[in-house]
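Student: In this note's numbering, the protein residues as written are 145 to 616.
Every residue gets a Cβ at the ideal spot worked out from N, C-alpha and C, and that includes glycine.
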Ligand code: ZN
Ligand code: MN
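1) Residue 271 to residue 182, Cα distance in whole Å?
2) So residue 427 is in the beta strand (DSSP E); what residue range does that whole segment cover?
3) Quick check on residue 496: buried or exposed, where buried means 16 or more other Cβ atoms within 10 Å of its Cβ?
4) Excluding the five sequence neighbours on either side, which residues of its own chain have a C-beta within less than 7 Å of the C-beta of residue 507, listed in chain order?
5) Ends of the alpha helix (DSSP H) at residue 503?
6) In the region 280 to 339, which residue ranges form an unbroken alpha helix (DSSP H) of at least 4 residues, counting only runs that do not cross its ends?
7) Does any heavy atom of the ligand ZN sit closer than 6 Å to the C-beta of residue 170?
8) Report yes if the C-beta distance between residue 379 and residue 348 is below 7 Å; otherwise report no.
9) Tell me which same chain residues have a C-beta within less than 8 Å of the C-beta of residue 164, skipping the five on either side of it?
10) How would the residue list near the ligand MN read, in chain order, if you kept each one whose beta-carbon is closer than 6 Å to any heavy atom?
11) The alpha helix (DSSP H) spanning residue 610 covers which residue range?
12) The alpha helix (DSSP H) spanning residue 248 covers which residue range?
13) According to DSSP, residue 216 sits in a beta bridge with which residue or residues?
14) Can you tell which of 216, 389 and 167 has the C-alpha that lies nearest to the C-alpha of residue 620?
15) When you compare only the Cα positions, how much space is there between residue 490 and residue 520?
16) Select from 524, 609, 351 and 324 the residue whose C-alpha is nearest the C-alpha of residue 445.
17) Provide the residue(s) that pair with residue 160 in DSSP beta bridges, ordered along the chain.
18) Just reading off the alpha helix (DSSP H) that residue 236 is part of, what are its end residues?
19) Report the residue from 193, 564 and 582 whose alpha carbon sits nearest the alpha carbon of residue 610.
20) Would you give the residue range spanned by the alpha helix (DSSP H) that residue 569 belongs to?
21) What ranges does the alpha helix (DSSP H) occupy inside the region 340 to 390, keeping only unbroken runs of at least 4 residues that lie completely in it?
22) Quick one, which of 288, 528 and 568 has its alpha-carbon nearest residue 229's?
23) Taking the DSSP output, what are the residues bridged to residue 411?
24) Just the C-alpha distance for residue 269 and residue 296, rounded to the nearest angstrom, thanks.
25) Indicate whether residue 244 and residue 220 have their beta-carbon atoms separated by less than 7 Å.
26) Based on the DSSP output, what are the partners of residue 152 in its beta bridges?
27) Between which two residues does the beta strand (DSSP E) containing residue 493 stretch?
28) On the three-state DSSP scale, how would you describe residue 226?
29) Flag this pair as yes or no: are the beta carbons of residue 390 and residue 411 separated by less than 7 Å?
30) How long is the line joining the alpha carbons of residue 273 and residue 397, rounded to whole angstroms?
31) Taking 7 Å as the threshold (C-beta atoms), are residue 223 and residue 241 in contact?
32) Using the C-alpha atoms, what's the distance from residue 365 back to residue 416?
33) Out of curiosity, what's the CA-to-CA distance linking residue 167 and residue 281?
34) Does the ligand ZN have even one heavy atom less than 6 Å from the beta-carbon of residue 362?
35) Using the C-alpha atoms, what's the distance from residue 283 back to residue 400?
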């Protein structure tokens, strides 16, 4: 057991691919999943004599991100960041260094905590190397293939301050950032496709200390779940080292999803290793104050604001609507509430059933969603039946009433239900006596019998109510 208490300190670097039509410095198509090496030209291949031309849409998207993160949006310049990788054709990456476009912002999480944003700068993506062989990694690979379609795709790298204090908060931060990126329409922000990539700088220190410990940068987390596991693992590793009287070595570590550990990748580079210098082929980026103002004015409502709006409409706490808002389902829920649906029921069905089939959620009509909730609220559909109707609506659309009819989910009226309940009571006199005598756990027994007798068509709540009426 620890003698001292340790505090987790995390800062996150998030790379976000922008959904522009073309790349950052050339007219090549910016698309995921195309035939390898088909969206390339002398500029993104770094051929001698080619010159970059900055994509205006990418600058606007970067400014949108800065504005949404409450940053100061400023004039900026590009630098060359020199390093040598086979998937980077120029052997340097055009990035921003000491004069980035966005600085000093913050982001608010659903629990009300704030994480500072150090900077959000523009840079180009590299190509992609595939190691062919059974290992799938560079060690033991037979050969490697390089696809330059991704080289030159516009990125914004969002660097947080080391304000994050737990794995859970790290996940909440990425989830919030993702919701913001989706809301401002700059990226599809898919961790599984690599359009949102998260690196975590993790260190620990004695609780209450104002000094930072030595940090490690953890890479290769492909989901929020991996991010949480990787931070927890890395914190435990560092605490164990320090408690054994050893030191944490500053380095870059690779998260291995299969064995649930981080492994040393290389000693951490310092800025001077990259020999940054100003990119001589590009002029400074100086957006006019009018342009910046128009970007700020055109921002849509952001998740934090939408949480407050939906929470007050639904009469719940903002944290209770976080999932629904981060999935962009708040309009659906609001229209259902407007149409008379029970707010909590609408939140529950949206946050579970609709969320489970989120790819199809855009095709779900608010009126149909509200109709299903109304049918459930009126007791015409049981919870199970309502979920089934909703599932079918998501899968193939249609009219909720017709779907329910097609399944034989016709309303089981109280009259029909009463006679089934009475039959079940008569068939189980001993259990009925015990329930009458106050053994309330037998309610479940009777509900189960009624469900079986009605092939699941009875509404559980109605059965419980009838049992109470009958057996006191
Ligand atoms: Zn190109
Ligand atoms: Mn970067």
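Tutor: Reading it off the structure:
1) 12 Å
2) Looking at the DSSP string, residue 427 is not in any beta strand (DSSP E), and its letter there is neither H nor E.
3) exposed
4) 541
5) From DSSP, residue 503 is part of no alpha helix (DSSP H); its letter is neither H nor E.
6) 311 to 327
7) yes
8) yes
9) 174, 199, 201, 202, 205 and 298
10) 159, 267 and 301
11) 604 to 615
12) Counting along the chain, residue 248 falls outside any alpha helix (DSSP H), though it belongs to the beta strand (DSSP E) covering 246 to 252.
13) 247
14) Any property of residue 620 remains undetermined from this structure, which presents the chain solely from 145 to 616.
15) 11 Å
16) 324
17) 300 and 340
18) Careful: residue 236 lies outside any alpha helix (DSSP H), inside the beta strand (DSSP E) at 236 to 239.
19) 564
20) 558 to 571
21) 368 to 387
22) 288
23) 395
24) 5 Å
25) yes
26) 348
27) Note, residue 493: premise wrong, no beta strand (DSSP E); alpha helix (DSSP H) at 487 to 493.
28) strand
29) no
30) 19 Å
31) yes
32) 27 Å
33) 28 Å
34) no
35) 14 Å
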